[in-house]
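**Student:**
In my numbering, the protein residues as written are 2 to 526.
Set out below in structure tokens:
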């Protein structure tokens, strides 16, 4: 019985024996374990009683138990836990142990989800980079490249996909990321933070509007941060982002970037333009300019009423205004209800991404809309194209790459599930607890935000609801036709398959230049 030679990379570590209790040596071993955990995405295997070349030598039972005690102490130094031990008698009187170590956190930090929106080239990704890395931009897009998800985004400067980044904060407001070896390491950030700000960076170009809507509706957003560049000002797309976020009743704050390039007159001109847009019926909000620490608490309290939009002015090149914005983020409370309330509600998770992970199986990424999800519990996933739901077991849960036992409403987490294959799943499905039912037809009240002509019965548009994106047909309209600004009771039906929807859920519909908003009033089948 032998193992392959130990590799310097990967999540497997061999130890012949652990005896040292010297503090400095324990710290060295803890650093080594942290590396193995990073290599294994939060998990590592330790094999005790084996030499580096894979030869099984074994230990006495007493030696093995003492080694496991020391391994447990090393784990606790980096907030990890031994979750499984398998002891094997390799030779007569000589034993080895295969140990699974997992990063774990009993208490999840306070979480706030912020959608980062705005017109293309407004500086969204650069601002995200400045907050995450604690560095200033060189004016050539260096910070943007550091947070970009796809190569073409680095080249074009346009975000086409949703980029999730975690900003960690300590109790004193200090940014955790700045002192880490890798500021983008979500696990490290989460383990060292008392509060995490999840920045959901959305596409700003019109061709990526569906991505923007998916992020806004599918990630349990607490606040919207609209980024406006001093060069282009509040563009048509920026105005649309502002209107959609307002109509969906998100608390909004605005960050004007690139203030180092333009005089105060230009900045004031942009603020005046923002004021005018916010006065439009249906939005009807006021502006408060945040200039100093004294303005922060008033801005937060006023914004939470839904009537006020705080405005910040920053430069990612000189750093002006960034510290004030970070203090504001540190003070922002989560919008979601406290965990005790969430626990009593039936869980609902909308699925956004599906993976097949070697050695793990099917893994889904989703937003916990309400309730809580626990490891080792049985849930239902679906619906299939026939409206069916399949029972699955949640084997493990990761939040920001940290294994946790439970996640609550407002969390964006990954779930390793048992009972279904990856190929049978799709975006827009849900993870629910009891007796789910899919629907293909429903009643809704809609308002047309913009349409170049008229909408009549038979009209087809794409509906966005959480992570659902599917074509719907306007089967019945109480009015003869609908134009921009009109509202009506309608009957809608999904064209291709049933979906899991609920009464009072809000959705957006779009087709070409058409934009509209609706709320489900009755489920019909």
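Glycine is no exception: its CB is placed at the ideal position from the N, C-alpha and C atoms.
Would you list the one or two residues that DSSP bridges to residue 419?
**Tutor:** 394.
**Student:** Within 10 angstroms of the Cβ of residue 215, are there 16 or more other Cβ atoms? Answer buried if so, exposed if not.
**Tutor:** Buried is the call here.
**Student:** Got a sec, what are the start and stop residues for the beta strand (DSSP E) residue 290 sits in?
**Tutor:** Segment 287-290, the beta strand (DSSP E) holding residue 290.
**Student:** Residue 419 and residue 391: beta carbons closer than 9 Å?
**Tutor:** It is not a contact, given that the beta carbons lie outside the stated cut-off.
**Student:** When DSSP labels each residue in this structure, what does residue 532 get in the three-state scheme?
**Tutor:** There is no way to answer for residue 532, as the model of the chain reaches only from 2 to 526.
**Student:** Distance check for residue 307 and residue 80, CA to CA, integer angstroms please.
**Tutor:** Residue 80 and residue 307: Cα-Cα distance of roughly 39 Å.
**Student:** Tell me the rounded alpha-carbon separation between residue 292 and residue 487.
**Tutor:** Taking the straight line from one Cα to the other gives about 40 Å.
**Student:** Could you name the residues of the same chain whose beta carbon sits closer than 6 Å to that of residue 369, not counting the 5 residues immediately before and after it, in chain order?
**Tutor:** Around residue 369: 350, 408, 410, 412.
**Student:** Could you pull the DSSP bridge partners for residue 25 from this structure?
**Tutor:** DSSP lists no partner for residue 25.
**Student:** Look up residue 525 in the DSSP assignment and say whether it is helix, strand or coil.
**Tutor:** If DSSP states are grouped into helix, strand and coil, residue 525 belongs with coil.
**Student:** Which residues in the same chain have their Cβ closer than 8 Å to the Cβ of residue 195, if we skip the five residues on either side of it in sequence?
**Tutor:** Once the five neighbours on either side are set aside, the close Cβ partners of residue 195 are 110, 111, 170, 171, 172.
**Student:** The alpha helix (DSSP H) with residue 299 in it runs from where to where?
**Tutor:** Segment 297-305, the alpha helix (DSSP H) holding residue 299.
**Student:** Quick one: grab the DSSP three-state call for residue 328.
**Tutor:** In this structure, residue 328 counts as helix in the three-state DSSP scheme.
**Student:** Per DSSP, which one or two residues make a beta bridge with residue 471?
**Tutor:** DSSP, once it has assigned bridges, lists 464 as partnering residue 471.
**Student:** Quick check on DSSP: helix, strand or coil for residue 134?
**Tutor:** Three-state result, residue 134: helix.
**Student:** Give the DSSP-derived three-state secondary structure of residue 271 in the structure shown.
**Tutor:** In this structure, residue 271 counts as helix in the three-state DSSP scheme.
**Student:** DSSP three-state label for residue 248, please.
**Tutor:** Helix at residue 248.
**Student:** Residue 32: which of 495, 77, 450 sits nearest, CA to CA?
**Tutor:** Taking only the C-alpha atoms, the option nearest residue 32 is 77.
**Student:** Determine, using beta-carbon pairs with one atom in the segment 371-391 and one in the segment 424-441, whether at least three such pairs fall under 8 Å.
**Tutor:** Touching, yes, given that three or more Cβ pairs across the two stretches are closer than 8 Å.
**Student:** To the nearest angstrom, how far is the alpha carbon of residue 241 from that of residue 389?
**Tutor:** Their backbone Cα atoms lie some 37 Å apart in a straight line.
**Student:** Starting from the C-beta of residue 340, find all residues in its chain whose C-beta is less than 7 Å away, skip the five residues before and the five after it, and write them out in chain order.
**Tutor:** For residue 340, the pLDDT reaches just 41, beneath the cut-off of 50, and the residue's location in the model is therefore unreliable, although a value from the coordinates is still provided. 409, listed in sequence order.
**Student:** From the DSSP secondary-structure annotation, give me the bridge partner or partners of residue 202.
**Tutor:** DSSP, once it has assigned bridges, lists 117, 164 as partnering residue 202.
**Student:** Use the C-beta contact count for residue 59: other C-beta atoms within 10 angstroms, 16 or more gives buried, fewer gives exposed.
**Tutor:** The residue is buried, with at least 16 neighbouring Cβ atoms inside 10 Å.
**Student:** So, are the CB atoms of residue 34 and residue 75 less than 9 Å apart?
**Tutor:** Contact: yes.
**Student:** Whose CA, out of 55, 82, 47, 54, lies closest to the CA of residue 65?
**Tutor:** Closest option to residue 65, Cα to Cα, is 47.
**Student:** Sort 290, 180, 97, 100 by Cα distance to residue 136 and report the nearest one.
**Tutor:** Per the Cα distances, 180.
**Student:** If you scan the segment 33-92 from start to end, which runs of the beta strand (DSSP E) of 3 or more residues do you find wholly inside it?
**Tutor:** Qualifying beta strand (DSSP E) stretches, in chain order: 44-49, 81-92.
**Student:** Quick check: the Cα distance between residue 117 and residue 399, rounded to an integer number of angstroms?
**Tutor:** For residue 117 and residue 399, the distance between alpha carbons rounds to 23 Å.
**Student:** How big is the Cα-Cα spacing for residue 299 and residue 402?
**Tutor:** Each residue's Cα considered, the two are about 35 Å apart.
**Student:** Hey, how far is the Cα of residue 231 from the Cα of residue 365?
**Tutor:** So the two alpha carbons sit approximately 39 Å from each other.
**Student:** Please classify residue 358 as buried or exposed, where buried requires at least 16 other C-beta atoms within 10 Å of its C-beta.
**Tutor:** Under this definition residue 358 is an exposed residue.
**Student:** Between which two residues does the alpha helix (DSSP H) carrying residue 187 extend?
**Tutor:** First-last of the alpha helix (DSSP H) with residue 187: 187-192.
**Student:** In the DSSP assignment, the beta strand (DSSP E) including residue 366 goes from what residue to what residue?
**Tutor:** 362-371 is the span of the beta strand (DSSP E), which, as asked, contains residue 366.
**Student:** Return the bridge partner residues of residue 354 from the DSSP annotation.
**Tutor:** Paired residues: 366.
**Student:** Determine which residues share a DSSP beta bridge with residue 359 and list them.
**Tutor:** Looking at the DSSP assignment, residue 359 forms no beta bridge with any residue, so it has no partner.
**Student:** Quick check: what's the CA-CA separation for residue 8 versus residue 98?
**Tutor:** So the alpha carbons of these two residues sit roughly 19 Å apart.
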